[in-house]
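2 protein chains.
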Amino acid sequence: MATPTPHDLTYYQASIPVFIRALNNLSALLHKAVAFAAEQGIEESQLVNARLAPDMFSLARQVQSASDAAKSCAARLSGGDIPSFPDTETTFAQLQARIAKTIAYLDGLSAEQFAQSGAKPIVMNMRGTAKTFTGYDYLFRLALPNLFFHITTAYDILRNQGLAIGKSDYLGSFE
Amino acid sequence: MATPTPHDLTYYQASIPVFIRALNNLSALLHKAVAFAAEQGIEESQLVNARLAPDMFSLARQVQSASDAAKSCAARLSGGDIPSFPDTETTFAQLQARIAKTIAYLDGLSAEQFAQSGAKPIVMNMRGTAKTFTGYDYLFRLALPNLFFHITTAYDILRNQGLAIGKSDYLGSFE
Chain A
585 MATPTPHDLT YYQASIPVFI RALNNLSALL HKAVAFAAEQ GIEESQLVNA
635 RLAPDMFSLA RQVQSASDAA KSCAARLSGG DIPSFPDTET TFAQLQARIA
685 KTIAYLDGLS AEQFAQSGAK PIVMNMRGTA KTFTGYDYLF RLALPNLFFH
735 ITTAYDILRN QGLAIGKSDY LGSFE
Chain B
585 MATPTPHDLT YYQASIPVFI RALNNLSALL HKAVAFAAEQ GIEESQLVNA
635 RLAPDMFSLA RQVQSASDAA KSCAARLSGG DIPSFPDTET TFAQLQARIA
685 KTIAYLDGLS AEQFAQSGAK PIVMNMRGTA KTFTGYDYLF RLALPNLFFH
735 ITTAYDILRN QGLAIGKSDY LGSFE
């Protein structure tokens, strides 16, 4: 491994701003979904409950899971308690509130709280068995792939339902 | 920003092993797709050309795009030339070869080549306009989200086509 240089990364940089940006992009996608439902004269609930396969999660559950991936990772890496948000959202307004609540939690964490993230053993319950992750494995093998999975699948559900969105909606602005 | 500690990350750690793992997981998904096509008696080409919306990329193009996201980022962060792989794959065997070629390229890069990634300005052509990214923005706002987008969408296409795969196929093994 190369000797760390001043240009190397912190666990904070590799998690919190990345999560916040992804959740803001998800929020923008859901705003477009509301406008689309209004234009097409379809019930919002049709989109909120849409899914890509009968045994896959609905759009609402994808949003809840993206929130869970972000807040669980932030809490575990910073050593805090995971905030509990019950999965009760059934409307776009409620899903936006869930995203906003998640971002507010992430925004309240400081970079200093992540100074020991790489050294912290993280114990997870994986299908009934306790499994210990390093901070690195937890962030890069579980949390980041999970977050992007649920946000991409939310995007894919909306595209599958006919929404005219593009990759730039998912990636967000580069201005 | 917290003072970097010995437990902080390198750009190499945040990119190459993450890309290789994601591409290996994608390869395993495609092997399951071949078995599924055989079981169901459907042409492999039906899956290779499947998509979630008429103007979205096919499964083949998602795999090519995942390869592109990984190799472009690896080359730009390490300061090398991007290997050119023509997008000619039309079968699962060819897509597997594309993934293997991409992983072989990534495997050949050393951590030392990424020592200056955070300080390197990366000039991208974004819709005809030159845009300069920091290594950080390039990796975390563009390359990683893009890679997971295309692999997740490949997964979503296969789920939408009826394949019995689960999140653990996407995340990979934690043994």
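Here the protein sequences line up with chains A and B, keeping their order. All you need for this note's numbering is the position in the first sequence, starting with 1, plus 584. All you need for this note's numbering is the position in the second sequence, starting with 1, plus 584. For each residue, glycine too, the CB sits at the ideal point set by N, CA and C.
Proximity winner among the options, relative to residue i (alpha-carbon distances)
i: A/Ser-629; options: A/Val-618, A/Pro-638, A/Cys-657 and A/Leu-607; result: A/Val-618
i: B/Leu-742; options: B/Leu-613, B/Arg-645 and B/Ile-604; result: B/Leu-613
i: B/Tyr-596; options: B/Leu-723, B/Thr-736 and B/Ser-651; result: B/Leu-723
i: B/Lys-685; options: B/Asn-709, B/Leu-607 and B/Ser-599; result: B/Leu-607
i: A/Asn-609; options: A/Ala-622, A/Ser-651, A/Thr-718 and A/Ile-626; result: A/Ser-651
i: A/Val-707; options: A/Leu-643, A/Ala-659 and A/Ile-683; result: A/Ala-659
i: B/Asp-721; options: A/Phe-758, A/Gly-625 and A/Glu-627; result: A/Phe-758
i: B/Phe-751; options: A/Lys-751, A/Gly-625 and A/Arg-711; result: The amino acid at residue 751 of chain B is misidentified as Phe; the sequence shows Lys. With distances taken between Cα atoms, B/Lys-751 lies closest to A/Arg-711.
i: A/Phe-641; options: A/Asp-671, A/Glu-627, A/Gly-625 and A/His-615; result: A/Asp-671
i: B/Thr-675; options: B/Glu-627, B/Val-602 and B/Arg-725; result: B/Glu-627
Bridge partner(s) assigned by DSSP for residue i
i: A/Lys-715; result: A/Met-708
i: B/Asp-593; result: In the sequence on display, residue 593 of chain B carries Leu and not Asp. DSSP output for B/Leu-593 lists A/Leu-593 as bridge partner(s).
Pair within 7 angstroms by beta-carbon distance, residue i and residue j
i: B/Asp-592; j: A/Thr-737; result: no
i: B/Ala-727; j: B/Cys-657; result: yes
i: A/Val-647; j: A/Leu-679; result: yes
i: B/Leu-636; j: A/Asp-753; result: no
i: B/Gln-745; j: B/Ala-654; result: no
i: A/Phe-620; j: A/Ser-662; result: no
i: A/Ile-600; j: A/Ile-687; result: no
i: A/Arg-682; j: A/Glu-673; result: yes
i: A/Val-632; j: A/Ala-622; result: no
i: A/Pro-729; j: B/Leu-690; result: no
i: A/Phe-732; j: B/Phe-732; result: yes
i: A/Ser-611; j: A/His-734; result: no
i: A/Ala-677; j: B/Ala-598; result: no
Unbroken alpha helix (DSSP H) run spanning residue i, endpoints
i: B/Pro-729; result: 728-744
i: A/Asn-633; result: Here A/Asn-633 belongs to no alpha helix (DSSP H), and DSSP marks it neither H nor E.
i: B/Tyr-689; result: 676-691
i: B/Glu-623; result: 600-624
i: B/Gln-700; result: Segment: none, B/Gln-700 is in no alpha helix (DSSP H) and carries neither H nor E.
i: B/Tyr-754; result: 751-755
i: B/Leu-643; result: 643-662
Residue i CB to nearest heavy atom of the ligand ZN below 6 angstroms
i: A/Tyr-754; result: Annotation note on the ligand ZN: not contained in the displayed structure, which lists no ligands.
Original post:
Counting Cβ pairs, one atom from each stretch, are 3 or more of them under 8 angstroms apart for the region 666-680 of chain A and the region 698-707 of chain A?
Top reply: Between the region 666-680 of chain A and the region 698-707 of chain A, the count of C-beta pairs closer than 8 angstroms stays below three; the two stretches do not touch.
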